[in-house]
DNA sequence: TCCGTTACCTGTAGACCGGTAGGTTTTGTT
DNA sequence: AACAAAACCTACCGGTCTACAGGTAACGGA
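Residue numbers (this note's numbering), protein chains in the order written: chain A, 973 to 1163; chain B, 973 to 1163.
Below, the structure written as structure tokens:
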């Protein structure tokens, strides 16, 4: 069964890579990208640092894989999103602090000079703003109830999501992220 | 002139410390706190790394001084702020990307485990939310035009400011931070 | 003028870091 | 059974990091 076995080998290899990426997500959440050592990631999957470098030749290559997984994760349903689903998304995020923490830490680092994730986030935000504007337009048309255009509202929507995440990560007991986000949506539509 | 000379010595020392803090702000803006080496900060003020450690015994002590300066910077006028001054503040920030970048980078790092600035930011946000609620109450009373309370609106106000900063730092040409913030204020009050 | 303090310096310890070189075991193919 | 490739290891290199130890020169007060 040549095809089957070749497949198994490739599948196993990709599973290993996925394991490593998952571990990298954790370590980055705990220490940021600069603070995340390859050795720490490797240890978490039962490898030596050099064993890890067999699967990802450089640290940056590992980061790329981490960012790609994120893309894959939230790229699929964007066109089918609606306003009410955004609130659900925030609620879902509130149950996954590790992931949120990883990408909040990465976003913070990415504004520094020459950070390997900088281009990624720049492009991602351009994309996300456009996507959000589309969602807003589908819901409200060219003019929101408060007179703003979808294009001018989208950056605010994204800013609220990100900003609330930081406040929530720092002090989950004081900030009810999903509720606050629903408040913002109400601000957009119900006047 | 014993008093005068003693004063001069102390003043000169504090000037040196202030120089170092200023340099640290720059380096942190460029590389984050974890990425900022004492040697890089020292070089910027014409010292060796060990010479710098004479003024700040540890790296964390230097960070504390950086954070204290920030406190001093924005703690004074909080009680006298009004809504319209917030927009001016954002405009002012838009002319000082270095400072914004420093504290955006620090905020991002601070959500990671055991980060030396974590407690600072947690407390700061508690304080800032309360302060913003106060400003909102002074402007609108206990109910905003859209029905929300000042306490529930404050986190949104803070989130928008922070979130817009990240988008703006990553892509200043695509995001008009002051305009977007004014849009948000309009969202709060003019319905 | 003497003397203590402040402001630096050189030297170095000790720990991690990412990455390379090259060998060895495991695994799948033929 | 033979072989090739993939997976993973040990050993190591050069670099960087914070911090400590100890010395020196300048300065200001008595």
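C-beta: ideal position from N, C-alpha, C; glycine also.
Everything numeric in this text was worked out from a predicted model, so none of it was measured.
- In the three-state scheme derived from DSSP, where H, G and I count as helix and E and B as strand, residue 1143(B) is classed as coil.
- Taking the beta carbon of residue 1006(A) as reference, the chain B residues within 7 Å of it are 1004, 1006 and 1007, listed in sequence order.
- In terms of Cα proximity to residue 1046(B), the closest of 987(B), 1023(B), 1062(B) and 1031(B) is 1062(B).
- Spatial neighbours of residue 1012(B) in its own chain (CB-CB distance under 6 Å, excluding positions within 5 residues in sequence) are listed in chain order as 999.
- By the C-beta density criterion, residue 1022(B) is exposed, having fewer than 16 other C-beta atoms within 10 angstroms.
- In this structure, the alpha-carbon of residue 985(A) lies about 42 Å from that of residue 1094(B).
- A residue is called buried once 16 or more other Cβ atoms fall within 10 Å of its Cβ, and residue 1082(B) is buried on that count.
- A direct Cα-to-Cα measurement between residue 1055(A) and residue 1107(A) gives close to 7 Å.
- At a Cβ-Cβ threshold of 9 Å, residue 1157(A) and residue 1072(A) do not count as neighbours.
- The distance from the Cβ of residue 1127(B) to that of residue 1152(A) is about 5 Å, consistent with a contact at the 8 Å cut-off.
- Pairing residue 1001(B) with residue 1017(B) gives a Cβ-Cβ distance that is not under 9 Å.
- Between the alpha carbons of residue 1109(A) and residue 1122(A) lies a gap of roughly 6 Å.
- For a Cβ distance threshold of 7 Å, residue set 1097, 1127, 1130 and 1131 of chain B lies close to residue 1139(A), ordered along the chain.
- Excluding residues up to 5 positions away in sequence, 999 and 1000 lie with their Cβ nearer than 6 Å to the Cβ of residue 1008(B) in the same chain.
- The three-state secondary structure of residue 1148(A), taken from DSSP, is coil.
- Straight across, the Cα-Cα distance linking residue 1119(A) with residue 1136(B) is about 20 Å.
- A Cβ-Cβ contact shorter than 9 Å links residue 1146(B) with residue 1101(A).
- In the three-state DSSP reduction, residue 1067(B) falls in the coil class, being neither helix nor strand.
- Rounded to the nearest whole angstrom, the CA to CA distance from residue 1040(B) to residue 1131(B) is 22 Å.
- Comparing alpha carbon positions, the residue from 1006(A), 988(A) and 1036(A) closest to residue 1014(A) is 988(A).
- Collapsing the DSSP output to three states places residue 1053(B) in coil.
- Pairing residue 1115(A) with residue 1085(B) gives a Cβ-Cβ distance that is not under 9 Å.
- Within the model, the alpha-carbon separation for residue 1138(A) versus residue 1079(B) is close to 8 Å.
- Taking 9 Å as the CB threshold, residue 1103(A) stays off the interface with chain B.
- Annotation: Cβ neighbours of residue 1155(B) in chain A (cutoff 8 Å, chain order): 1120, 1124, 1125 and 1128.
- Contact between residue 992(A) and residue 1027(A) holds, since their C-beta atoms are separated by about 6 Å, short of 8 Å.
- Taking 9 Å as the cut-off, the beta carbon of residue 1006(B) is found closer than this to the beta carbon of residue 1006(A).
- By the C-beta density criterion, residue 1060(B) is exposed, having fewer than 16 other C-beta atoms within 10 angstroms.
- Among the CB atoms of chain B, one or more fall inside 9 Å of the CB of residue 1073(A).
- Nearest CB-CB separation between residue 1106(A) and chain B: not below the 9 Å threshold.
- Taking C-beta separations shorter than 8 Å and ignoring five residues to either side along the sequence, the partners of residue 1042(B) in its chain run 1075, following chain order.
- Chain-order list of chain A residues neighbouring residue 1015(B): empty, with the shortest C-beta distance near 16 Å, by a criterion of under 8 Å.
- Sequence-distant partners of residue 1037(B) (beyond 5 residues in either direction) whose C-beta falls short of 6 Å from its own C-beta, in its chain, are 993.
- Here residue 1129(B) really is in contact with residue 1104(B); their C-beta atoms are around 5 Å apart, less than 8 Å.
- Between residue 1134(B) and chain A, the shortest Cβ-Cβ separation is below 9 Å.
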